[in-house]
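Heads up: the sequence shown is residues 15 to 135, going by our numbering.
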Amino acid sequence: SSVMIHREVFETVGLFDETLPACEDYDLWLRIGAKYPIYLISEPLIVKRNGHPGQQSQKYWGMDRFRVKSLQKMLRQKNPSEEDRAATREMLKKKCEILAKGFEKRGKIEEANSYRQLADQ
């Protein structure tokens, strides 16, 4: 996807969180969306290609682990609206359930239980 973003947005929300090995874009969009409206141009203006070598999504397993960290970070922020907080909790719960099922499927019960507990918080 392609985007156009004013410099002031980055000055307000910051840049990519370099402590995350993957899903930095997800984390950035959460922060942008919490502070600014995001608009869609419905007319396709680019051609997007997926699945090429070197993509982060091919480098790390369980990408939702990093999304969970980003969602937790959003919940720790000061003064989110109740609507944003509720939506973030709901997405956190969904991501935790996906991870729990994946760990359970692979016989990693302790990890599955850990994500289920996190989903119930």
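Glycine included, each C-beta is placed from N, C-alpha and C at the ideal position.
Test item: CB-CB of residue i and residue j under 7 angstroms
i	j	result
Leu44	Ser84	yes
Met77	Ala48	no
Boundaries (first-last residue) of the alpha helix (DSSP H) holding residue i
i	result
Gln91	Run containing Gln91: none; DSSP gives neither H nor E here.
Glu124	Ile123 to Asp134
Inter-residue spacing [alpha-carbon to alpha-carbon] between residue i and residue j
i	j	result
Glu32	Asp41	10 angstroms
Gln86	Leu106	8 angstroms
Ser56	His20	20 angstroms
For residue i, the three-state DSSP class (helix, strand or coil)
i	result
Cys37	coil
Met73	For the sequence presented, residue 73 should be read as Lys rather than Met. Correct three-state label for Lys73: helix.
Leu117	The amino acid occupying residue 117 in the given sequence is Phe; Leu does not appear at that position. It is helical.
Glu97	helix
Leu54	coil
Contact test: residue i Cβ vs the ligand NAP heavy atom, cutoff 6 angstroms
i	result
Cys37	Looking at this structure, you won't find the ligand NAP or any other ligand, since it has none at all.
Three or more C-beta pairs below 8 angstroms linking the stretch 42–62 and the stretch 108–122: The stretch 42–62 is not in contact with the stretch 108–122.
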